[in-house]
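Counted the way my numbering counts, the sequence shown spans residues 1 to 254.
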Amino acid sequence: MGKIISVVNQKGGVGKTTTAVNLGAYLAHLGRQVLLVDIDPQANATSGLGIDHKNLEFGIYEALLGERQLFDVVKRTMQSGYHVAPATLSLAGAGIELVGMDEREFRLKNMLDEIKDEYDYIIIDGPPSLGLLTINSLVAADDVLIPIQSEYYALEGLSQLLNTINLVQANLKPELGILGAVITMFDKRNRLSESVMQELYQYFPNRIFRTVIPRSVRLAESPSFGRSILHYDNSSKGGKAYERLAKEILELEK
C-alpha cells in the first residue's frame with residue numbers, strides 16, 4: 001500500500017514544488033512507483049515535468065469534482081515509474097466549488113484511496129495557502145513534509161501551518177503525521193541561514209532532515225526545460241541533495 005506524503009507550506013517561494021517534483025523523481029529513480037498529484041492551481045509541478053497544462057482536456061480538477069476517474073487523468077512522465085495527476089487552469093475555481101459538496105475535505109482522500117495500492121509513494125503538491133485544497137491534501141496524506149527556506153521570515157507563518165495541521169489531526173485525520181521539515185535554498189555563505197537553522201532545530205528537535213537543499217541555479221532552471229533535476233543535471237549540487245533526501249525518506253521505512 002502506497003505512502004502518501006503532502007508537501008505543504010502556505011508561504012510561496014520556499015521550494016515546495018521543487019521538492020515535490022524532485023523528491024518524486026529520485027524515489028522513482030531508486031526503484032519505487034511514484035505518483036505526483038498536483039493540486040496547486042499554478043500547475044508548476046505539471047509543467048515542470050514537461051506536461052503542457054494549458055492544453056490538457058482534463059486533470060485533477062475533474063477527478064475532484066467526480067466528473068472523471070483518477071485513472072483517466074494520470075499521465076506518464078519521461079521517467080519510468082513516475083506518473084503525474086496534472087493540474088489545469090480549471091483548478092483555480094475548485095476551492096469555491098468544493099465548498100458546497102458533501103465530504104468536501106475528503107474528496108482527494110477518497111480518490112487516492114482507490115489507487116494507492118498501485119504506487120509505493122504518492123506525493124501531493126498543494127497550493128501556497130491554507131484553503132480547502134490544502135485541507136484536502138492534509139486529510140489525504142499519511143505524513144506531511146514541510147520545506148522551509150533558510151531566511152529570516154521563514155519561521156513566520158510556521159506556527160500557523162502547524163496549528164492548521166493540529167486542527168486537521170483533531171477534527172479530520174487523527175493519524176496524520178509530520179514526516180519532518182527540510183531546509184531549502186540554503187546558502188552557506190549567509191550567516192543568517194545558520195541562525196535560522198539553529199532556530200528550526202528547536203522547533204523540530206527530531207524532525208529536521210539531515211539533507212539540506214542548497215540554493216542552486218541548476219535547480220531553478222530545470223522546470224523551464226520540463227525536466228526534474230535528475231534529467232536536467234543529475235551531478236549538480238541540487239541533484240545530489242534531492243537524491244540524499246529520497247534515500248533518507250526510504251530509510252524511514254526500515
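From the three backbone atoms N, C-alpha and C, an ideal C-beta is built for every residue, glycine too. Because the structure is a prediction, the values reported are computed rather than measured.
Tell me whether the beta-carbon of Gly264 lies closer than 8 angstroms to the beta-carbon of Gly66. Residue 264 lies beyond the stretch modelled for the chain, which goes from 1 to 254, so this question has no answer here.
To which residues does DSSP link Leu145 through a beta bridge? Position 145 of the sequence shown, counting from 1, holds the residue named residue 145. Val7, Gly180, per the DSSP bridge assignment.
Suppose the cutoff is 6 angstroms on Cβ atoms and the five residues either side in sequence are ignored; what does the same chain contact list for Asn255 look like? The first residue shown for the chain is 1 and the last is 254, placing residue 255 beyond what the model contains.
Skipping 5 residues on each side, what residues in its chain have a beta carbon closer than 8 angstroms to that of Pro127? Along the sequence shown, one-based indexing puts residue 127 at 127. Same-chain partners within the cutoff: Ile39, Asp40, Pro41, Gln42, Leu133, Thr134.
Less than 7 angstroms between C-beta atoms, sequence neighbours within five positions excluded: which residues of the same chain meet that for Glu114? The residue labelled residue 114 in the question sits at position 114 within the sequence shown. The residues Leu70, in chain order, have a CB closer than 7 angstroms to that of Glu114 in the same chain once the five nearest residues on each side in sequence are set aside.
Give a yes or no on whether the C-beta atoms belonging to Val139 and Leu172 are separated by under 8 angstroms. Here residue 139 refers to the residue found at position 139 when the sequence shown is read from its first residue. Here residue 172 refers to the residue found at position 172 when the sequence shown is read from its first residue. A contact, by the Cβ cut-off of 8 angstroms.
With three or more beta-carbon pairs closer than 8 angstroms as the criterion, would you say the segment 229 to 240 touches the segment 202 to 209? The way I'd put it, the segment 229 to 240 doesn't touch the segment 202 to 209; fewer than three beta-carbon pairs between them come closer than 8 angstroms.
Collapsed DSSP secondary structure at Leu130 in the structure displayed: If you number the sequence shown from 1, residue 130 lands on position 130. Coil.
Taking 8 angstroms as the threshold (C-beta atoms), are Ile5 and Tyr121 in contact? Here the question's residue 121 lines up with position 121 in the sequence shown. Here the question's residue 5 lines up with position 5 in the sequence shown. Between Tyr121 and Ile5, the CB-CB gap stays under 8 angstroms.
What does the alpha-carbon distance come out to for the pair Ile60 and Ser195? Counting from 1 along the sequence shown, the entry for residue 60 is found at position 60. Counting from 1 along the sequence shown, the entry for residue 195 is found at position 195. Straight-line spacing of the CA atoms in Ile60 and Ser195 works out to 40 angstroms.
So, for Val74: in the same chain, excluding its five sequence neighbours on each side, which residues have a beta-carbon less than 6 angstroms away from its beta-carbon? In the sequence shown, counting from the first residue as 1, residue 74 sits at position 74. If we look at Val74 and ignore the five residues flanking it on each side, its Cβ neighbours are His83, Ala85.
Give the straight-line distance between the Cα atoms of Asp117 and Thr184, rounded to the nearest whole angstrom. As a first step, residue 117 is located in the sequence shown; it is residue number 117 there, counting from the start. As a first step, residue 184 is located in the sequence shown; it is residue number 184 there, counting from the start. One C-alpha to the other measures close to 31 angstroms.
Among Gln33, Ser90, Ser47, nearest to Ser224 - alpha-carbon criterion: Reading the sequence shown from its first residue, position 224 is the one you call residue 224. Looking at the Cα atoms, Ser47 is the closest of the given residues.
Considering just the uninterrupted stretch of the alpha helix (DSSP H) at Leu27, what are its terminal residues? The count along the sequence shown starts at 1 and reaches residue 27 at position 27. Per DSSP, Leu27 belongs to the alpha helix (DSSP H) from 16 to 29.
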